[in-house]
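Novice: In the working numbering, the protein residues as written are 24 to 758.
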Amino acid sequence: MQRKVDWRKTGILTLIVGFVIAVIVLLRFQGQPPASLESLLPPLAATPYQNARKDVGYIGAAQCAACHPGEHQSYMQTAHSQALAEIELANEPPDGSFEDPASERQYRVYRKGDELRHEESIRKTNGEQQVLTDVPIKYVIGSGRFSRSYLVDREGFLFESPATWYSAKHAWGLSPGYENYNSGFQRPAELRCLTCHAGRLEPVDRSPHRVRLHALAIDCERCHGPGELHAAHRKDVKAGEGSATDWTIVNPAKLDRDRQEDICAQCHLHTGATVELPGRREADYRPGQRLSDYVANFGLKGDKAQMEVVGHMEQMRLSKCWTETKTLTCTTCHDPHDKPTPATATASYRAKCIECHTENACGIPVTKRRAKDAADNCMNCHMPRSPTEIPHFAFTHHRIGIHETNAEPPATPRERGTPVADEAGGTSRPSAPGVPQRTRLTRERGTPIADEAGGASRPSAPGVPERTRLTRERGTPIADEAGGASRPSAPGVPQRTRLTRERGTPIADEAGGASRPSAPGVPQRTRLTRELIDLAASPPEGALMDRNLGLGYLQLSDSPGHTQFAETYQLRARKLLESVQAKGLADVEVEGALARLWWNIDPDLTQKYARSVIAAADADPDSLASACYTLGTTLYQQDNLAEALPWLERTVKLRPTADLWISLSDCHERAGDMKRALECARRGSEWASDRPRYLERYIELLEATGQADRANELKPRLAPLFEYQGRFSNETETP
24 MQRKVDWRKT GILTLIVGFV IAVIVLLRFQ GQPPASLESL LPPLAATPYQ
74 NARKDVGYIG AAQCAACHPG EHQSYMQTAH SQALAEIELA NEPPDGSFED
124 PASERQYRVY RKGDELRHEE SIRKTNGEQQ VLTDVPIKYV IGSGRFSRSY
174 LVDREGFLFE SPATWYSAKH AWGLSPGYEN YNSGFQRPAE LRCLTCHAGR
224 LEPVDRSPHR VRLHALAIDC ERCHGPGELH AAHRKDVKAG EGSATDWTIV
274 NPAKLDRDRQ EDICAQCHLH TGATVELPGR READYRPGQR LSDYVANFGL
324 KGDKAQMEVV GHMEQMRLSK CWTETKTLTC TTCHDPHDKP TPATATASYR
374 AKCIECHTEN ACGIPVTKRR AKDAADNCMN CHMPRSPTEI PHFAFTHHRI
424 GIHETNAEPP ATPRERGTPV ADEAGGTSRP SAPGVPQRTR LTRERGTPIA
474 DEAGGASRPS APGVPERTRL TRERGTPIAD EAGGASRPSA PGVPQRTRLT
524 RERGTPIADE AGGASRPSAP GVPQRTRLTR ELIDLAASPP EGALMDRNLG
574 LGYLQLSDSP GHTQFAETYQ LRARKLLESV QAKGLADVEV EGALARLWWN
624 IDPDLTQKYA RSVIAAADAD PDSLASACYT LGTTLYQQDN LAEALPWLER
674 TVKLRPTADL WISLSDCHER AGDMKRALEC ARRGSEWASD RPRYLERYIE
724 LLEATGQADR ANELKPRLAP LFEYQGRFSN ETETP
């Protein structure tokens, strides 16, 4: 007998089963890790401005000026409009000369034809000068209100000159940072340096050091966004027509405070570290968007009292005037299109204060204030001119409050033999992960100079002759050029783990916060380490925070002023980034950082991570250059010359250094390509013209290739260079 189906019960049962299956699937899905770090990011915040889209084109300041001549004319008087410019001799300071006592080098600035040239020389024992470098200048940085620094072009790569004009002294002197370590003409001006001086630039062939400058100085579109849509829209709008708000172009004055400040924060927020978020680039930020959608800014725990050249916003945000109002922002006092004259500046800025504060709000009676200062300048007490981390620079302190007006400027010049504090200069941003930081080469007086090129120093063992940092005797490991904080073995001694002392003995501080006690007799070197704090209003958690924080600590390890704790910061970085890697969430920046952190420690892991970065289509220029370098040098250490050469050659096209040229010279000589070996040696000896071993190598190759006449022309330069180097070494080298 056929049973009758109860479809009602069947339907209910089906619903129950379906619900149970859905719950199981949901629970399993929730228990699974996210597919990528990018999936943990919130979507980009919406903005009504149409020109915030990436596909909107830039048109250049000239087109803006055609329709806005008044704004353009006044803007051209501001410092932003003069942040970077090509050399015009009529605008340059007078010729001059000066000496750097610490490095015993002399500098001359002079005009030759239509060129401004900078010359660097040393004094020989007979008192004569031997010129090291004499090059034409291509760009000037700065309006001259405080200083004018300069860039030279070497084969399409920009380098900073050691000579800067200081307006307050009305004299030439060492460029910022050179008083701590004089790197000559070898300090690179890369993307991360130039981005706050140029309106728009981009890397050439994915190089962090070779850039295309689309707009010199900080122009209209840097603050208003690309103008393509706006220009087209205005052509179609008749006079008197249109809405009150033109959504084709950003008007910063109509943005809320946070998004207004984000425009300024691109350059004026100097933090402990700035990390790009997964899959997002800071260069993709457009005015009107949230900067925090592209980067994570990390501050250092503890207030900062000293004014810094690019620390305006960090200081301002510590002020009650900022924290207790929602309206005070940069443009409250600063008009980006204009600036008050010296005659009107005091009254102009004082009027801004009086908008919120009455004259009687000050604790000092008006009569007493005016007896001291007839203009009753509020800034004298509440925003005084303060010394910065750069010698000869005094900026208006942007932490509004009561200040000690007799504060002494920070001590920056070094005595011979004291440790280096800053190689990159006060205005430079912290290096991106994997960027070689060359700030550890100073030595106590009497120790040998470790590096022929002036990069990260590696002392030789007692009695062992100095060798170049990248070249080596066959079979011995090369030394460190990429990792700022790595500690080397003596030449020929196998490299020990960089982040530990003796085998099994941890360094003093393994993970932030309070430092662990050192072993008996071991100096405590971590009590001054500082923690990074995400400055976002709602910082992320979990793997995304670990990723950002790990990259931040690696960046901090390269940052001027923190190099003595680089090992501690790198250990923190490695632990955090390995935890991200263990969850299968590493992105290209994490792998690039791990390649660097394992470099000279674990060759297999170094190669694994470096190859992964190189294979990634979205690797940023810094990560790519560092990965090519770590892979090439690791293979070279293993005597895998055939595979190392292509990566070293690629590196020199991305981020060339004198050390790398000499390393390549050695590689090509061993491979039998004497022509290329000679060319690389020539470049290395010219780029690091103060290093006698580099010149000696070039001379040897000239002789080996039958060019004795040219070799004999150069030989007289060797003895003065060896003598000069010997004055900074405990052993006098002889040619």
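For every residue, glycine included, the Cβ atom is placed at its ideal position computed from N, Cα and C.
Quick caveat: nothing in here was measured; it's all calculated off a predicted structure.
(1) Under the rule that 16 or more other beta-carbon atoms within 10 Å means buried, what is C287, buried or exposed?
(2) Give me the Cα-Cα distance between A306 and L278, rounded to the nearest whole angstrom.
(3) G469 by DSSP, collapsed to three states: which one?
(4) Within the same chain, show all residues whose beta-carbon is closer than 8 Å to that of L14, passing over the 5 residues directly before and after it, in chain order.
(5) To the nearest angstrom, how far is the alpha carbon of K77 from that of Q312?
(6) Taking 7 Å as the CB-CB limit, is D569 close to chain C?
(7) For V318, write down the residues that DSSP places opposite it in a beta bridge.
(8) Which whole-angstrom value is the C-beta distance of A650 and A618, which I expect to be below 8 Å?
(9) Just how far apart, CA to CA, sit L64 and Y659?
(10) For P231 versus L214, is the C-beta distance shorter than 7 Å?
(11) Output the distance between the C-alpha atoms of D228 and M697, rounded to the nearest integer angstrom.
(12) For G759, count the other beta carbons within 10 Å of its own beta carbon; 16 or more makes it buried, fewer makes it exposed. Which is it?
(13) So, helix, strand or coil for C201, using DSSP?
(14) Leaving out five residues before and five after H103 in sequence, what residues of the same chain have Cβ atoms less than 6 Å from its Cβ?
(15) Which of the three DSSP states is assigned to H585 in this structure?
(16) Compare the Cα-Cα distances from P159 to each of R134, A727, G695, R570 and report the closest residue.
(17) What's the call for D732, buried or exposed, on a 16-neighbour Cβ count within 10 Å?
(18) Near A648, what residues of its chain come up, given a Cβ to Cβ distance below 6 Å and the 5 sequence neighbours on each side ignored?
(19) Once DSSP output is grouped into helix, strand and coil, what is the label at K698?
(20) Since R811 and S342 should fall inside the 8 Å C-beta cutoff, what is the C-beta to C-beta distance between them, to a whole number of angstroms?
(21) Mind reading off the beta-carbon distance from F180 to R235? Whole number of angstroms is fine, and I expect it under 8 Å.
(22) Can you give me the Cβ contacts of K362 inside the same chain, cut-off strictly under 6 Å, excluding the 5 residues immediately before and after it?
(23) Nearest by alpha-carbon distance to K738: which of E719, Q730, R750 is it?
(24) Rounded to a whole number of angstroms, what is the C-alpha to C-alpha distance between A267 and G93?
(25) Contact defined as beta carbons within less than 8 Å: I believe W188 pairs with S170. What is the distance between those atoms, to the nearest angstrom?
(26) Bridge partners for K606 per DSSP, in chain order?
(27) Here's the rule I'm using: 16 or more other beta-carbon atoms within 10 Å means buried, otherwise exposed. How should Q685 be labelled?
(28) Tell me W345's beta-bridge partners as DSSP assigns them.
(29) Where does L112 land, buried or exposed, given buried means 16+ other C-beta within 10 angstroms?
(30) Does the beta-carbon of V675 have 16 or more other beta-carbons within 10 angstroms, so that it is buried, or is it exposed?
(31) Can you round the beta-carbon distance between A616 and L567 to whole angstroms, since I take them to be within the 8 Å contact cut?
(32) Kindly list the residues whose CB is nearer than 6 Å to the CB of L671, restricted to its own chain and excluding five residues on each side of it in sequence; keep chain order.
Specialist: Let's see:
(1) Your numbering for residue 287 matches position 264 in the sequence shown. With 16 or more Cβ atoms within 10 Å of its Cβ, C287 is classed as buried.
(2) Reading the sequence shown from its first residue, position 283 is the one you call residue 306. Reading the sequence shown from its first residue, position 255 is the one you call residue 278. So the alpha carbons of these two residues sit roughly 20 Å apart.
(3) Here the question's residue 469 lines up with position 446 in the sequence shown. For G469, the pLDDT reaches just 29, beneath the cut-off of 50, and the residue's location in the model is therefore unreliable, leaving the point undetermined.
(4) With the chain covering only 24 through 758, there is no way to say anything about residue 14.
(5) For the purposes of this step, residue 77 is taken as the residue at position 54 of the sequence shown. For the purposes of this step, residue 312 is taken as the residue at position 289 of the sequence shown. Roughly 12 Å between the two C-alpha positions.
(6) Among the chains of the structure shown, chain C does not appear; only one protein chain is present.
(7) Within the sequence shown, residue 318 is the residue found at index 295, counting from 1. BP columns for V318 point to E299.
(8) Here residue 650 is taken as the residue at index 627 of the sequence shown, counted from 1. Here residue 618 is taken as the residue at index 595 of the sequence shown, counted from 1. About 6 Å separates the beta carbons of A650 and A618, which is inside the 8 Å limit, making them a contact pair.
(9) Here residue 64 refers to the residue found at position 41 when the sequence shown is read from its first residue. Here residue 659 refers to the residue found at position 636 when the sequence shown is read from its first residue. Distance between the alpha carbons of L64 and Y659: 39 Å.
(10) Taking the sequence shown and counting its residues from 1, the one referred to as residue 231 is at position 208. Taking the sequence shown and counting its residues from 1, the one referred to as residue 214 is at position 191. Annotated as proximal: P231 and L214, with beta-carbon spacing under 7 Å.
(11) Taking the first residue of the sequence shown as position 1, residue 228 is located at position 205. Taking the first residue of the sequence shown as position 1, residue 697 is located at position 674. Rounded to whole angstroms, the gap between the alpha carbons of D228 and M697 is 28 Å.
(12) What the structure shows of the chain is the stretch from 24 to 758, and residue 759 is not part of that stretch, so it cannot be assessed.
(13) For this step, residue 201 is matched to residue 178 along the sequence shown. For the sequence presented, residue 201 should be read as Tyr rather than Cys. The answer is coil: DSSP assigns Y201 none of H, G, I, E or B.
(14) Within the sequence shown, residue 103 is the residue found at index 80, counting from 1. Answer for H103: I241, listed in chain order.
(15) Stepping through the sequence shown from its first residue, residue 585 is reached at position 562. H585 sits in coil when the DSSP states are folded into three classes, being neither helix nor strand.
(16) Taking the first residue of the sequence shown as position 1, residue 159 is located at position 136. Nearest of R134, A727, G695, R570 to P159, Cα basis: R134.
(17) To locate residue 732, count along the sequence shown from 1; it is residue 709. The residue in question, D732, is exposed, as its Cβ has fewer than 16 Cβ neighbours within 10 Å.
(18) Within the sequence shown, residue 648 is the residue found at index 625, counting from 1. Here the set comprises P231, L677, R678.
(19) As a first step, residue 698 must be located in the sequence shown, where it is residue number 675. The three-state reading of DSSP puts K698 in helix, counting H, G and I together.
(20) Outside the modelled stretch of the chain, which goes from 24 to 758, sits residue 811, for which no answer is possible.
(21) Locating residue 180 in the sequence shown gives position 157, where the first residue counts as 1. Locating residue 235 in the sequence shown gives position 212, where the first residue counts as 1. In fact, because the Cβ distance is near 12 Å, the residues do not count as touching under 8 Å.
(22) On the sequence shown, position 339 is the one that residue 362 refers to. If we look at K362 and ignore the five residues flanking it on each side, its Cβ neighbours are T101.
(23) Reading the sequence shown from its first residue, position 715 is the one you call residue 738. Shortest Cα-Cα distance from K738 to any of E719, Q730, R750 involves E719.
(24) In the sequence shown, counting from the first residue as 1, residue 267 sits at position 244. In the sequence shown, counting from the first residue as 1, residue 93 sits at position 70. Each residue's alpha carbon lies about 21 Å from the other.
(25) Translated into positions along the sequence shown, residue 188 becomes position 165. Translated into positions along the sequence shown, residue 170 becomes position 147. Right, the Cβ-Cβ distance comes to about 6 Å (below 8 Å), so this counts as a contact.
(26) For the purposes of this step, residue 606 is identified with residue 583 of the sequence shown, where counting begins at 1. Note: K606 sits in no beta bridge, so no partner.
(27) For this step, residue 685 is matched to residue 662 along the sequence shown. What sits at residue 685 in the sequence shown is Ile, not Gln. I685 should be labelled buried.
(28) Here residue 345 refers to the residue found at position 322 of the sequence shown. Residue pairing by DSSP places W345 in no beta bridge whatsoever.
(29) As a working mapping, residue 112 is identified with position 89 in the sequence shown. Under this definition L112 is an exposed residue.
(30) As a first step, residue 675 must be located in the sequence shown, where it is residue number 652. The residue is buried, with at least 16 neighbouring Cβ atoms inside 10 Å.
(31) Working through the sequence shown from its first residue, we reach residue 616 at position 593. Working through the sequence shown from its first residue, we reach residue 567 at position 544. At roughly 15 Å, the Cβ-Cβ gap does not stay under 8 Å, so A616 and L567 are not in contact.
(32) Looking up residue 671 in the sequence shown gives position 648. The answer, listed in chain order, is G655, L687.
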